[in-house]
Structure formats: C-alpha cells, structure tokens
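S.K.: This structure is in structure tokens; I'll ask about it shortly.
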Amino acid sequence: MSSSEPLAGDIIEQLVGRDADLARISGFFARSGSGRSLLLSGDPGVGKTALLQAVGRSAAANGVRVLRIAGVQFEADLSYAALNQAFLPLRDTVQTLDELHRQALSAALGFGAGPPPERLVVCNAALEVLRRAAEQQPVLVIVDDLPWVDRASAAVFGFISRRLSGTGISFLAALRTGTDSFFESGGLPSYELPPLDAESATHLVKTRFPLLPHHVQQRVLTTAQGNPLALLEIPRALGDHSPAALEGLPAVLPLGQRLQSLFVSRVRQLPEKTQDMLLLAALNGGGDVGVLCAAAREMGGHADLENLIPAERDHLVRVDHASHRLVFRHPLIQSAVVEATTSSRRRSAHHALARVLDRQLESRAWHLGQATLDPDDHVSELLEEAARRILNRGDAVAAIAALTRAAELSPHDADRARRLAEAAYIGAEATGALRSASKLLEDARQADPERAGSLYAAAVTVHLLLSGDGDVTTAHRLLVGAIEQDSRGYDANSAELVDAMHLLLLLCIYGAREDFWSPFHELLARLRPEPPALLSVLGQLYSDPARTGQPTLRQLEQICDAAVRETDPAQIVRIGTGAVYTDRLPLLREASRRVLRQGREGGPARRHLGVLFHLALDAYYSGTWQEVVELADEGLALCESSGYSFFSWYFYYSKGLATASSGDVDTAHALADQMTDWASPRGLHAIVQYADHVRALAHIAAGDFEEALRCAESISPAGRLAQYAQAAVWVFFDLVEAAMSTGRRSEAASHVRAVLASDVENLSPRLALLAAGARAVAAEDDATAEQLFQQVLAGADTGEWPFDRARIQLARGERLRRAGSVTACTGPLEAALGTFRRLDSRPWAERAARELRATGVSAPGPAEGPQAEGPLTELTPREYEIAELAARGLTNKQIAEKFFISHRTVGAHLYQIYPKLGITSRGALRDALSARQHRPAPPRAGNDGG
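To convert, note that position 705 of the sequence shown is 704 in numbering that gives the first Met the number 0; the numbers rise steadily by one, no gaps.
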C-alpha cells in the first residue's frame, strides 16, 4: 500500500468523517516500505469493521492480495479456526512447503491428517506461505474482532506480525478497546479509532434520516456520542419518524444491549431459509459458503447464495466472493442471529454442520457436543479425544472446555466424574484457574462420590492446598493415600498415575524430609512393568544429589539429549527439573525457549513459569544477570496474574542470587525473607534452604563470613552433605570459603573431605570446578594450595561459568598475596577483577581491587587490562553468539527476540564485548571476530588467571 494510491471514491463516500483515519492508516503502511503491522482499536460500533473493509477494498483495487479473517465467538474454542479462514485461498501455496512445514500446517488447518503439530513449526510455516504469496503480489492480512480469534491462531498471528520487516506482507487487526485477547499486542504500533466528530455525526444522521425532527436528531447525537452504529441504529429503533410519533421520547434511548435486540428483530423479519443460512454462518464463524450451503441442505430443502440476498440487502452480512466466505457486518449481528432462533433450531444447525464437517474431528466433536441434549457415549468420547488433541497442542483452556462438555454428556457417573476431575486437574496444574478447578472438582465429587479419591481429584486438592494456606505435610499425606488406594494396580502406563507420582516428587523435594521420600521410593518400586525413566532419574537425583551414581547420570544425559525433539511442554519442564542440579540446563535452552514462546503467546501458565525459572538459573550461572532479573520479574508478574502464587519463590530465589552477586544485598535479604516467611509455616523446608543460599551469598558479598557460614551450615553442617538438602551441592564452596575466612580450617577441611567422598564432582563440570577450588582454598600449606589452584584453573575450559571461575581466581590471588608472592598474585587478581567488572559484581570486584592495591599495583580501570589474547577478554558463549549476530547486521531488537531477552540486555552485552575485542564500535565486530578465529592461542603463564 502507498499513500500515493488513493482509496476508491465509492468507499470514501460510504464512510462519513473517516477521510483522515483512512489517510493515516494508508500513510502508515506506505512509510514502512515493506512489511508493517498495525492494531486498530476502538469502542463497539465505532466503525472498525467498516474501516477495515475500506482499507481492504482500496488495497485490492491497487493490486494487493487481501486475506480477511473475522474472529468468531463460537469458534473461540476451536484451535486454528481463524488461521483456516486466512489460508484457505492459499491452499496451493501450502503444498509448496517442505515436508515438515507442509505436514504441520496442513494438520493445524485440517487440510490433512498427522500428529499434533508444534506451534513454532506452524508459525514458521504460516509465515513462509505468506512470504511466498507476497513474491507474486503484496499481501495484506486483515483480522477483525481479534479478541474472538481462537488462542492457537492468535499465537500464529502474533508471531507473524512481528516478523514482517523486509517482506511484502502487511498486517492490520482490529479489536475493541479494553478487551482481552490471546493475541500478544505488546510492542506493536496501534491506532485508536475515535468517534465521529460533531460535524460528521450530524451529517450522517441528517443524510440517512432526513425526516427526523431536529430535537430528535439532537437527542440521538447526544446519546450516540459520535458512535456510528448507534447513530444509525437508534433512529431505526424509534420506528415512525413523524413528529407526532416522536413527540414523547423515552428518558433513555435504546443503547448497549438494546442495540443487540434491534438486530434480533431485524433477523426475525428475514425469510426462514435466510435465517437458517445466517444461523449456520454464526455457529460456524462465518465460514465457507459451500459448507454453509451443504449444511443448509442437511437442514432440509434447497439452499444457495440467493438465500443470502435479503440479509445482504439489509446490510447484515456480505459475501466475500474472493474467498467465498460469508462475513457479518458487526459481531452484534452474529450474536443476534443466534438469539433470534429457538434452541431446537440451533441444535439442528449444529447437527447439520457436524455431518458436513465429518472429517474434521475437533469441529465435528464441538458441533455434536452443542447439538446433543441427552447423555451420549459416542459424543462424549469424541469430545474427550478432541480434548487430548487440543491439550497436546498446548491449548489447555480449550481442552478443559471440551472435557467439561464431555462430562456433561457422559451417561455413566464414573465417566462424568473422571472427566470433570481431569478438567479440574488441567485447570489447576496447567492454567492456574484454581477457582474454576475447585468448582469442577466439587462437581466431580457430586457426580460420583466414590471417585472423590481419584488421583486427579487428589492432585487438584494438593494444588489448592499449596496455593492457599495448606501445609505440605497434609498435601503429601493426601496424595500418598490416593496413590495407594488407586485401582490401577501401579500401572506405569497410566498417565494419571504418572502425573500423580511427579506431583508427589515435587512435594518430596519441597518437604526435604526422609519421611516424605520413603513412601515415594516405595511407590516408585511398585510401578509395573517398570517406572518411567525420567521419574526414576528425578527420584534418585533429588533425594540425594550428592550421591547420584553414574548410571543415573548417563540416563539423564540421554533424556536431556532427546529433549531437543520433545514437543510436550510438561515433559520439557520435567526434564529441566532434572537438569538443574546437574548443570545441564544449557542443553535444554532451545526446548525451553520454545515453551517460553508458547507461554508468552497464551500457552499454559504453569509450563511458562517452569521454563522461566530454568532459563533464569541458566542465565545466572552463565553470568547474564540482567537477564535473570528480567526473567524473574516476568515470572513474578505471571504468578500474580495466573493465580500461581505458590511458584513466586522460583523468582525470589533466582533474583536473589543475581542481586546478592551484584552487591544489592538489601534486596537479596528482602527476597530471602519473603521466601522464608511464606515457606516456613507451610513446612516447605527446601525453600527455606534456598533462601539461606541467597543469604549466605549476600553475607559473603558484605564481607560477613560469620553469618555466611551460619547460613550455609543451616543447609548442611560442615563435614556432611545432607541427604535431602539439594541446596547443599550448591553452597559447599561458600561454606568452605566462609570457614577459612573465619579461621575454622578444620571445618573447611572436613567439608572438603565430605565433598570429595561424594559424587558431587561427577554431577557437572561446574561442580567439579568448585570442588577442586574448595580443596585448594582449604589446603594446609601455601605450596599445596598453589599447586591445586594451578591444576583446577589450567584444566578444561571453565569460561561457561565466569563467576565461579573468577571466585577461584580471586581465592588464589588472595592466598598468593598473603604468602608474600606479590608478583605471582597479580595475574589471577587482575583476571578475577576483569570478570567481576564485566559481570557487574561490585563486592567481589572491590575485593580483587583491594588485594591488588595491597600489592602496590594500581587496579586497572574497567576498560584497561590485557587485550584480546588475555583471560580478561575471553567471551562467554552467550557473548560470542551475540557478537556473531551483531556482526551479521542484526539489530539489538532482532537479537533480543532470538534469545528472549530485552534489547537493553543486548546493549549491555555489547558494551562488555567491545573492550574484550579491543574495538569501540559495532562496525568493527566482523573483523575482530575473524582475527580471533585465526589467531593462535596464547601460552598460559604459571602465574596468570589460569
């Protein structure tokens, strides 16, 4: 579209007072050059649909291919229904995609069979189809009534709308002001369509209703306040426009819901066959005219496009001949059509649509569900199967709706209770809809009191307990009892039983007590034919991480390697749980980012929270602490909005680690206190231990090693790695450093012996680094300590964990200086100082600088020190990825989208990257990276940073 391409004259004549709005929208797309998105908002009836039509017709008249989509209230629970509208005209282009993307998009759109597609694949496939279409002619995608677009389609449109730069595709969508939708609109340009000005409103009323008396015109204008729909509909509602008839106007003119009733009366004046066609269209979301005609014939008699002429003449609908779809002029009309019919007629229409759509399982199941009154085994089974498919796509809300309707139509009480309990479980476990979950659970108990002890019912009760004031002991006792009483015979193939065991595992982790873990291991051993691999691994790993054997770790490695192909968000989060204490979270970054994207596009909140926590921990140990804070803040906001307040501790903890490490000790202590105050009364001992981890780090940052030692020993005392305290494997270096700093060498040595006697070193290279570092810190004599320090720092590359490595470098430098090796200590101290400054770890940077000053050496400034060859300038893996992308020409915003971070974080990374590479601008990145790749590695000096 271009501002030099005028909108067709007949369009402008139909739209009174919208010249400036049309010019503004046309100019917006013209300025972009290629590819831009705009959200059009406004009050109901303000004319958004008419404006979209005008823009679309103008674009089509100028050679642009226009794809029109209308969000439909009655299709809001049908995944990809709106996307199907958009891509029907592009079906041939879909077939040109490669096999992976063609199959995924075809399955999503109902063009073909196949397994549930991964949403990200569908998004990429849809974008590629539009790009190919745009190679032939420019494409404009217009979406009306965005809040009524189904969740899955909204996610795809959100994905597409942010990736149009450099394409011939434009995106224009409309939504009512103040309405929520599944579409993530943040960051997209928007324009709110204002009411008509007084002059235009007066012109519209006088032109359309010339016989209306002046005082009535003024009342209409005052009441309508420039709303075009009200300006047109209120005079029609008044009927006879003669002065006598209008002498006594009502105190309040018809408006709001009364406008909808006016539409109902207009619909009822139409011929019966026309009403049937409109009813089918309303129940099917407008839809393909061919489908509507076929369904109308199923309802009885001949049906064709001529039946729609009366509705078109009354400006209720229009037929888009390009896409062969019927479009309602306003959503109120669609609702009115449904209200204008009897319930029996609506059921007949649903039956007809189900027969016509017999190859589309989800649509057929939904229509049959709406058409059926009496309990029906077949229909309830279809709905349950549709719910499974929907849930596998990550649309938990639609799955709950399908299961709930399946329960309502279940002939047997046991089936009804089972389906209601499962719907409640999905609501509590995946979406955070705890109030509705509680109501569904109560309905399940009333349907079949004997099912009150079902596993799903018990799991829902546990979630309700944890999210309220219940304690973990009660929750654990309830769930163990439910599993023991379950009638499945410990069948490891039962999804309900496995889900319950995973929930029990979490309770054991949170409780951190032997009497919690013993029943878990007993129940796990009863599963037949054998426990699921992941559940078994997690049970062994979390009950005693310090003594996890090699077979378990090899099994976990295989599970993590397979995660790249995993599509189930719940399974990805569970695998991530296993990756936490073994530092394998980097292996799950891509899978976690897929789930993160789904969550930000409206996917299950529980999965969204899980990957946010895992990505935040990964970012902390990778040294990208600003990213930790951003992810934690996103998680806290989501906890509040979703109802999952229980999981707020995830983000207090990760944010607490980052703030303590950067020196904001007050914030770190406040976050730790929030964790303790909330967790202690509930018996959540593990969370209290995580809070003590934050406190220990904050005390070390403040130089208070006595308090740091106290906090570390509250997790696990010196000389022992407590069996059920997972945090013990993360604080042993803090404990050893604090013990040595307070003159307790024997406690430090005792703890090192405990660490070396355990399997901690086998858990991950990072923990092996810290174990070796702790051994060097606690060494009795300086010569032994130096030998151990050199061994650990000269070993395998440990740059992936910059903070941990720098702490060991600092400890080495401090020991050397105290031993009088002034020259030898300079290298490790400068190396540590450079890393701490890059991380913005102020307390540790000050410690390193203070040690350097004590040697008589001036601490180098932030931009000083060794250049590209030296240890100060080593890029972290994340920094290298960002540098490469920036060297290719990507903007900060584009890089941020790839890593799910803010553009400000990217800028902070680049600020640290430039001095490491010895450059001062973005333009020098390509040459600097190329030079580093071809430069021989420098030899390591015995007294450098390792």
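Yeah, the Cβ is synthetic: ideal placement off N, Cα and C, and Gly gets one too.
Could you pull out every residue in the same chain whose Cβ sits closer than 6 Å to the Cβ of Leu426, ignoring the five residues on either side in sequence?
M.R.: In the sequence on display, residue 426 carries Gly and not Leu. The answer, listed in chain order, is Ile399, Ala432, Ser435, Ala436.
S.K.: Ala173 by DSSP, collapsed to three states: which one?
M.R.: Note: Ala173 maps to strand in three-state DSSP.
S.K.: Taking buried to mean at least 16 other C-beta atoms within 10 Å of its own C-beta, is Ile308 buried or exposed?
M.R.: Exposed, since its Cβ has fewer than 16 Cβ neighbours within 10 Å.
S.K.: Using C-beta distances below 7 Å, list every residue in its chain close to His668, excluding the 5 sequence neighbours before and after it, in chain order.
M.R.: Contacts found: Arg694, Ala697.
S.K.: Cutting at 6 Å between CB atoms, please list the residues of its own chain near Ile912, excluding the five before and the five after it.
M.R.: Closer than 6 Å at Cβ, skipping near neighbours: Glu878, Ala882.
S.K.: By how many angstroms is the C-alpha of Ala53 removed from the C-alpha of Arg592?
M.R.: Taking the straight line joining both Cα atoms gives about 39 Å.
S.K.: Between Ala132 and Arg64, is the Cβ-Cβ spacing less than 9 Å?
M.R.: Contact flag set, yes.
S.K.: For Leu66, list the residues DSSP reports as bridge partners.
M.R.: Answer by DSSP bridge pairing, in chain order: Val140.
S.K.: Which residue's Cα is closest to the Cα of Phe172: Gly44, Leu37, Arg56?
M.R.: For the record, residue 172 in the displayed sequence is Ala; it is not Phe. The candidate whose alpha carbon is nearest that of Ala172 is Leu37.
S.K.: Given 8 Å as the limit, is there contact between the segment 412–429 and the segment 437–451, that is, 3 or more CB pairs closer than that?
M.R.: Yes, since at least three Cβ pairs between the segment 412–429 and the segment 437–451 fall closer than 8 Å, the two stretches touch.
S.K.: Apart from the five residues just before and just after Ala351, which ones in its own chain have a Cβ nearer than 6 Å to its Cβ?
M.R.: Same-chain partners within the cutoff: Ala294, Glu297, Met298.
S.K.: Taking DSSP as the reference, what is the three-state secondary structure of Asp490?
M.R.: Correct three-state label for Asp490: strand.
S.K.: For Val121, I'd like the list of residues in its chain whose CB is within less than 7 Å of its CB, leaving aside the five on either flank, ordered along the chain.
M.R.: Cβ within range, chain order: Ala103, Leu104, Ala107, Val155.
S.K.: Using 8 Å for Cβ pairs, my map puts Ala885 next to Arg921. What's the rounded Cβ distance?
M.R.: Going by Cβ atoms, the distance from Ala885 to Arg921 rounds to 6 Å, so yes, they are a contact pair.
S.K.: Taking the runs of the alpha helix (DSSP H) that are 4 residues or longer, which of them lie wholly in the segment 354–393?
M.R.: Runs found: 360–370, 376–391.
S.K.: Alpha helix (DSSP H) containing Glu117: first to last residue?
M.R.: Looking at the DSSP string, Glu117 is not in any alpha helix (DSSP H), and its letter there is neither H nor E.
S.K.: Which value, in whole angstroms, describes the spacing of the CA atoms of Trp365 and Thr666?
M.R.: Approximately 51 Å between the Cα atoms of the pair.
S.K.: Mark Gly946 as exposed unless 16 or more other C-beta atoms lie within 10 angstroms of its C-beta, in which case mark it buried.
M.R.: The requested residue 946 is not part of the displayed model; the chain covers only 0 to 945.
S.K.: What's the gap between the Cα of Thr890 and the Cα of Gln597?
M.R.: Going from the Cα of Thr890 to the Cα of Gln597 covers about 24 Å.
S.K.: Would you mind stating whether Leu523 and Leu540 have Cβ atoms separated by less than 9 Å?
M.R.: In this structure, Leu540 does not lie closer than 9 Å to Leu523 by Cβ.
S.K.: Between Ala700 and Val664, which are expected to be in contact by the criterion C-beta below 8 Å, what is the C-beta distance as a whole number of angstroms?
M.R.: Rounded, the Cβ-Cβ distance is 5 Å, consistent with contact.
S.K.: According to the neighbour-count rule (16 or more other Cβ atoms, all chains shown, within 10 Å of its Cβ), is Ser486 buried or exposed?
M.R.: With fewer than 16 other Cβ atoms within 10 Å, it is exposed.
S.K.: Below 8 Å on the Cβ atoms is my contact criterion, and I expect Asn226 with Pro194 to pass it. Report the Cβ-Cβ distance as a whole number of Å.
M.R.: About 6 Å separates the two Cβ atoms, so the contact holds.
S.K.: From Phe645, Leu187, Thr166, Leu220, pick the residue whose C-alpha is nearest to that of Leu203; which is it?
M.R.: It is Leu220 whose Cα lies nearest to the Cα of Leu203.
S.K.: Among residues of its own chain, excluding the 5 on either side of Ala348, which ones have a beta-carbon nearer than 6 Å to its beta-carbon?
M.R.: Excluding residues within five positions, the ones whose Cβ falls inside 6 Å are Leu278, Leu279, Leu282.
S.K.: Can the beta-carbon of Leu611 be found less than 9 Å from the beta-carbon of Leu630?
M.R.: Yes, the pair counts as a contact, with Cβ atoms nearer than the cut-off.
S.K.: Here's a check: name, in chain order, each residue in its chain whose Cβ is nearer than 6 Å to the Cβ of Ala707, leaving out the five neighbours to either side.
M.R.: Here the set comprises Ala695, His698, Ile699, Ala737.
S.K.: Secondary structure at Glu529, three-state DSSP: helix, strand or coil?
M.R.: Correct three-state label for Glu529: coil.
S.K.: When the Cα atoms are used, what is the spatial distance from Glu407 to Ala370?
M.R.: Between Glu407 and Ala370, the C-alpha separation is close to 13 Å.
S.K.: Is the distance from the Cβ of Arg841 to the Cβ of Ser679 below 9 Å?
M.R.: It is not a contact, given that the beta carbons lie outside the stated cut-off.
S.K.: Taking contact to mean at least 3 C-beta pairs separated by less than 8 Å, is the segment 64–78 in contact with the segment 128–146?
M.R.: With the cut-off at 8 Å, the segment 64–78 and the segment 128–146 touch.
S.K.: Got a sec, what are the start and stop residues for the alpha helix (DSSP H) Ser435 sits in?
M.R.: Looking at the DSSP string, the run of the alpha helix (DSSP H) that includes Ser435 is 433–446.
S.K.: Going by alpha carbons, who is nearest to Ala604 out of Glu589, Trp624, Tyr643?
M.R.: When only C-alpha atoms are compared, the closest one is Tyr643.
S.K.: Can you tell me which residues form a DSSP beta bridge with Glu191?
M.R.: Paired residues: Ser40.
S.K.: What is the DSSP secondary structure of Ile332, reduced to helix, strand or coil?
M.R.: Ile332 falls in the helix class under three-state DSSP.
S.K.: If we count Cβ pairs, one from each stretch, closer than 8 Å, do we get three or more for the segment 514–531 versus the segment 560–567?
M.R.: Taking 8 Å as the limit for Cβ pairs, the verdict is that the segment 560–567 does not touch the segment 514–531.
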